Structure formats: C-alpha cells, structure tokens
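Down below is the structure, laid out as structure tokens.
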Amino acid sequence: QKEVEQDPGPLSVPEGAIVSLNCTYSNSAFQYFMWYRQYSRKGPELLMYTYSSGNKEDGRFTAQVDKSSKYISLFIRDSQPSDSATYLCAMRGTSGSRLTFGEGTQLTVNP
Amino acid sequence: NAGVTQTPKFQVLKTGQSMTLQCAQDMNHNSMYWYRQDPGMGLRLIYYSASEGTTDKGEVPNGYNVSRLNKREFSLRLESAAPSQTSVYFCASRGQGDTEAFFGQGTRLTVV
C-alpha cells in the first residue's frame, strides 16, 4: 500500500467552479503537508504548505489538514483556465528530508 | 538565478548503454533529490542526499547509482539502461529548515 494516496482524475470543471482535491496518507509521522502544481512538461512548483493540522488560505486557494483522519485537501475557488495543471500533494516528517508525493490529479478548467 | 539545472533535457538510449544525468543547484541547499515520474505512479524517490558526502536510497533505487560530487552537484547514473527506466527524471533541492523543494525542468529519457 502506498504511503500517500491521491485520485489521479482526470478532473474537468467549467470556469468559475470550486475544485476540491484530496489526499489520504498512512504515516502518522508526517508533519509538513504541501501542494505542488505542475504544468505540462515542467517541473513541480510549490503552491501551498501547512504545518500540522489546520487551514491555510492564499487568495483563491485553501489548504486543509486533518491529521486525525490522515486527510488533506486543496480547494480552488473561482477556478480559471490557467489553473489547468497536475496537482500533487506531498508530505514529510519533522526529521530527515524525505518528501513523499501522491500520484497527482490532472485538472482541466474549461472556459 | 538559475535554481536547479538538469542536463540533458532529452536522451534516447539503447538497452544496456550507460549514462549520467547531471544536476546542479546554485541556492546553497543541503538536500538534493532524484525522482522519476511515470504515468499512474506519480513522483517516486530514487535517491536523496541530505548533505554533502551522504546519500540514501529512496523508494526505487535499483538500477541506479548517485554521486554527491560537492554541495552544488548531484548526479544520477544508469549503468546498464533497461526499457523499464524510460521515464521523466527530476532533480530537486531543499535548504535546511526550508519547506519548499525546488525542482529542475526534468530529463526525458527513453530506453529502446
């Protein structure tokens, strides 16, 4: 079983929709939770990160972490065609430097 | 500011050939990583180096070797390439205490 599970999609939504992306994990040692965005034929770029449980908001993006359920989410409000990309969740513990990724969810926002 | 630079960007190898993928970062980061990305599998860690002089196996190390040449450079070597190693390879680096890992643009490798 993978340490991090993520629905690969693909997910297709109309412009302006609210998008919900999710990951579950099994390793209770994970403390840092991140979302990366990857455009086609590019390397991943950090979008948001959260330490431990809670919510974090940045513009149209909200990241949520529920450590009790081992579940993290990324919400995109008022989605735009420029949000079309693959979104990867990633996480690591407080010690060491291994970063574990989910499979990635391919999102298309249609104008 | 170049960030993380990978060479080459594209490569085609024949089965059994060897090659080295190069990665260099100019951000004075301690940690460097090599990942491979395959459809349906996401990013999988091959090897990482937490600091200069140390390397550790990741999730899928078989068939690969690495060298942390100095703080800037972390190379990945395929001694005898196999078709199963056809993939997109990403190098990444992260500073001590930092959350964000910075990725290179990737190397698209095809083994025929």
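Those protein sequence lines, which keep their order, are chains A and B.
By the count of the working numbering, the first sequence reaches residue 161 at its end, each step adding exactly one.
By the count of the working numbering, the second sequence reaches residue 471 at its end, each step adding exactly one.
All C-beta atoms in this analysis are idealised placements derived from N, C-alpha and C, irrespective of residue type, glycine included.
Everything numeric in this text was worked out from a predicted model, so none of it was measured.
Between the alpha carbons of B:R395 and B:S446, how many angstroms are there, rounded? What you label residue 395 of chain B is simply residue 36 of the second sequence in a count that begins at 1. What you label residue 446 of chain B is simply residue 87 of the second sequence in a count that begins at 1. Between the C-alpha atoms of B:R395 and B:S446 there is a straight-line separation of about 6 Å.
DSSP three-state call for A:S90: helix, strand or coil? On the first sequence, position 40 is the one that residue 90 of chain A refers to. If DSSP states are grouped into helix, strand and coil, A:S90 belongs with coil.
Bridge partners - A:E95, DSSP secondary structure assignment: Here residue 95 of chain A refers to the residue found at position 45 when the first sequence is read from its first residue. Partner(s): A:R87.
Between A:G104 and A:K52, what straight-line distance do the alpha-carbon atoms span, to the nearest angstrom? Mapped onto the first sequence, residue 104 of chain A falls at position 54. Mapped onto the first sequence, residue 52 of chain A falls at position 2. Rounded to the nearest angstrom, the two C-alpha atoms are 24 Å apart.
Taking only the alpha-carbon atoms, compute the straight-line gap between B:L468 and A:E55 and give it to the nearest angstrom. Position 109 of the second sequence, counting from 1, holds the residue named residue 468 of chain B. Position 5 of the first sequence, counting from 1, holds the residue named residue 55 of chain A. Straight-line Cα distance between these residues: approximately 26 Å.
Comparing alpha-carbon positions, which option in A:S129, A:A140, A:T144 and A:P60 lies nearest A:P161? Here residue 161 of chain A refers to the residue found at position 111 when the first sequence is read from its first residue. Out of A:S129, A:A140, A:T144 and A:P60, A:S129 has the C-alpha closest to the C-alpha of A:P161.
Any non-hydrogen atom of the ligand PLP within 8 Å of A:T112 CB: For the structure depicted, the ligand PLP is absent and the ligand set is empty, with no information on it obtainable.
Candidates A:E95, A:Y82 and A:V159, of which the one nearest A:I126 by Cα: For this step, residue 126 of chain A is matched to residue 76 along the first sequence. Closest option to A:I126, Cα to Cα, is A:V159.
Apart from the five residues on each side of it in sequence, which residues of its chain come closer than 7 Å, Cβ to Cβ, to B:K416? As a first step, residue 416 of chain B must be located in the second sequence, where it is residue number 57. The residues are Y406.
Chain A within 9 Å of B:T458, Cβ atoms only: Start at 1 with the first residue of the second sequence, and residue 458 of chain B comes out as number 99. Cβ-Cβ to chain A under 9 Å: yes for B:T458.
For B:R436, which option in B:P420, B:G465, B:A460 and B:E459 has the closest C-alpha, if you only look at C-alpha atoms? Here residue 436 of chain B refers to the residue found at position 77 of the second sequence. Relative to the Cα of B:R436, the nearest Cα in the group B:P420, B:G465, B:A460 and B:E459 belongs to B:P420.
Compare the Cα-Cα distances from A:T112 to each of A:S102, A:S123 and A:G152 and report the closest residue. The residue you call residue 112 of chain A lines up with position 62 of the first sequence. A:T112 has its Cα closest to that of A:S123, out of A:S102, A:S123 and A:G152.
If you measure between the beta carbons of B:S452 and B:Q384, is that distance less than 9 Å? As a working mapping, residue 452 of chain B is identified with position 93 in the second sequence. As a working mapping, residue 384 of chain B is identified with position 25 in the second sequence. Yes, the pair counts as a contact, with Cβ atoms nearer than the cut-off.
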